[in-house]
Amino acid sequence: MVDRRQALAALDAADPLAGFRDAFSLPEGVIYLDGNSLGALPVATAGRVAAVVAAEWGQGLIRSWNDAGWIGLPEAVGDKIGRLIGAPPGSVLAADSTSVNLYKLLAAALALRPGRRVILTEAGNFPTDVYIADGLAASLGEGHEVRAVPAGGLREAMTPEVAVVMLTHVNYRTGAMHDMAALTAAAHDAGALMVWDLAHSAGAVPLDVAADRVDFAVGCGYKFLNGGPGAPAFLYVAPGLQGQVRYPLTGWLGHAAPFAFEDRFRPAAGIARATVGTPSIIAMAALEVGVDLALRAPMAAVRAKSLALSRLLIDLVAARCGDAGFTLVTPLADAERASQVSFRHAHAYPIAQALIARGVIGDFRAPDVLRFGITPLYLRYVDIWDAVDVLADVMTREIWREARFSMVRVVT
Ligand SMILES: *Cc1c(COP(=O)(O)O)cnc(C)c1O
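Take 21 as the starting number for the sequence shown in the numbering used here and just add one per residue.
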């Protein structure tokens, strides 16, 4: 056992991404396996936020909209995120929340397919995506329907009444990853538009939305992009669609000339059209720090290490907790999984709580999934070893049975 851990320490010593760990501020005694839910804090974030607050806001005051480039930040940070997802400059905007961006893009997409009434999605998609689509369908009052089918039935369900196919690239429970190019092509063959949610993909796996001919995408700033709790999200609109789309939220900063203060809305030409109101500059600055860090890390190395760490976790749980009742729900094939490992277990909730009490932070997703996020920029091979060591102890000594670990809190 000691030998095995030493061998893993040797992998860490040779890891080309090892230096990134010091760019994060991680608490002592914690193994953080939840960066897919809330990314860790970059060391540089506190200084950047402090500078924005003290100098740009405190001293620059309103002049900073021009002098510090505040007004251009949603597009500037958007362009940086664009480099992570294979989007050309001018096609990504950092703004709002993922939920709100999805509403904007879904509405715009439906308007481009008049006569078609179905939003097709996958059963078990992330709830906010489905809630947003349902709410939009109801508010349109034109008989739109949200149709959810199992992943395997998606292509068959792409019938002529489908206006939009709305999918999350990586399943939040299982970590299973769709073939973006193939499903986008299938949607187009059926005459539908494709909207991808990249919440668990951006910064985690290689993406090329332009090559894959994606129409619309949204994604999250606080997961693998390490932008901080409630960080601005992002949206992508294919350049060829930008001049045609009409968004349901027509705020002043999406106007062609916001400071002309015209009486009527005239949409901006490019991606700025998707802007609604004033961006949260302090949050945007924090997000930019996380995005800059992600841009410094070669994605091929990130992906290779993510797959290796995930495989290590899967193998170690099988070897050391094989009879403890865990069922792997993450696909084993590399091409089909992203950057998390999930297990079903009848007692997943108290097990997750017992792990957290020992400093191994993963999470629980209802009804019975224990989820571990794999973030190669700050996780080491020995961390996976140590985490499974704790898990094995929690299982063999049945520590999770302590009553305190079954108390359900608001956020799981
Ligand atoms: C995390 C996540 C979101 C988050 O949406 P918010 O509006 O930022 O709360 C949306 N969709 C998916 C698939 C997610 O995983």
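The beta-carbon is built from N, C-alpha and C at its ideal position, and this holds for glycine as well.
When you compare the CB positions of residue i and residue j, do they come within less than 8 Å of one another, or not?
| i | j | result |
| --- | --- | --- |
| V13 | A157 | Past the boundaries of the shown model lies residue 13; the chain is included only from 21 to 432, so the question cannot be answered. |
| E181 | V234 | no |
| K325 | D23 | no |
| N121 | L255 | yes |
| A168 | V190 | no |
| L104 | A314 | yes |
| T433 | R364 | Only positions 21 to 432 of the chain appear in the structure, and residue 433 is not among them; the question remains open. |
| Y123 | I152 | yes |
| A128 | V322 | no |
| D403 | S57 | no |
| G393 | G49 | no |
| L245 | L203 | no |
| A423 | I51 | no |
| A358 | G195 | yes |
| G102 | P108 | yes |
| N145 | T188 | yes |
| Y401 | L352 | no |
| A88 | E76 | yes |
| A251 | L307 | yes |
| S111 | P259 | yes |
| L125 | F236 | yes |
| G106 | A230 | yes |
Can you give me the C-alpha to C-alpha distance between residue i and residue j, rounded to a whole angstrom?
| i | j | result |
| --- | --- | --- |
| I371 | R385 | 12 Å |
| G274 | T295 | 5 Å |
| D409 | A338 | 12 Å |
| F425 | A377 | 9 Å |
| L375 | I381 | 6 Å |
| G55 | D228 | 22 Å |
| D312 | T416 | 43 Å |
| G290 | A183 | 23 Å |
| V257 | C341 | 45 Å |
| V238 | A115 | 10 Å |
| H198 | A70 | 40 Å |
| M427 | A222 | 33 Å |
| E162 | T270 | 21 Å |
| W272 | G297 | 6 Å |
| P147 | D42 | 35 Å |
| M21 | A38 | 23 Å |
| Q26 | I334 | 19 Å |
| A96 | A30 | 39 Å |
| P387 | E356 | 23 Å |
Among residues of its own chain, excluding the 5 on either side of residue i, which ones have a beta-carbon nearer than 6 Å to its beta-carbon?
| i | result |
| --- | --- |
| V185 | L140, A207, A212, M214 |
| R68 | A305, V309 |
| M319 | P226 |
| A201 | D232 |
| P287 | R293 |
| A205 | none |
| G345 | H365 |
| S6 | Residue 6 cannot be examined here, being either before or after the span of the chain that is shown, 21 to 432. |
| D99 | P109 |
| T432 | F384 |
| L28 | Y401, V402, W405 |
| Q373 | F425 |
Pull up the CB-CB distance for residue i and residue j, whole angstroms please, since I reckon it's below 8 Å.
| i | j | result |
| --- | --- | --- |
| T118 | A253 | 4 Å |
| A368 | L390 | 4 Å |
| V63 | F44 | 6 Å |
| Y242 | G59 | 6 Å |
| W405 | L336 | 7 Å |
| L397 | A317 | 6 Å |
Ignore the nearest five residues each way along the sequence and tell me which others in residue i's own chain have a CB closer than 7 Å to its CB.
| i | result |
| --- | --- |
| H164 | L130, R137, I139, A157 |
| I91 | W85 |
| P171 | First, the residue type needs correcting, since residue 171 is Ala and not Pro in the sequence shown. Same-chain partners within the cutoff: E142. |
| W216 | L187, H189, M200, V234, A237 |
Beta-carbon within less than 8 Å of residue i's beta-carbon, same chain only, minus the 5 sequence neighbours each way: which residues are those?
| i | result |
| --- | --- |
| D154 | V166 |
| V73 | I302 |
| A277 | R286 |
Which residues bound the beta strand (DSSP E) around residue i?
| i | result |
| --- | --- |
| E308 | Per DSSP, E308 belongs to no beta strand (DSSP E); it is in the alpha helix (DSSP H), 301–316. |
| I419 | Premise fails: I419 is in no beta strand (DSSP E) and is neither H nor E. |
| A280 | It is not in any beta strand (DSSP E) - A280 carries neither H nor E in the DSSP assignment. |
| E165 | 165–169 |
| S362 | 360–364 |
| R133 | Note, R133: premise wrong, no beta strand (DSSP E); not H, not E. |
| R293 | Neither: R293 is in no beta strand (DSSP E) and is coded neither H nor E. |
Taking the continuous alpha helix (DSSP H) assigned at residue i, which residues delimit it?
| i | result |
| --- | --- |
| T204 | 200–209 |
| D335 | 319–340 |
| T188 | Careful: T188 lies outside any alpha helix (DSSP H), inside the beta strand (DSSP E) at 182–188. |
| W85 | 84–87 |
| D32 | 22–33 |
| R103 | 93–105 |
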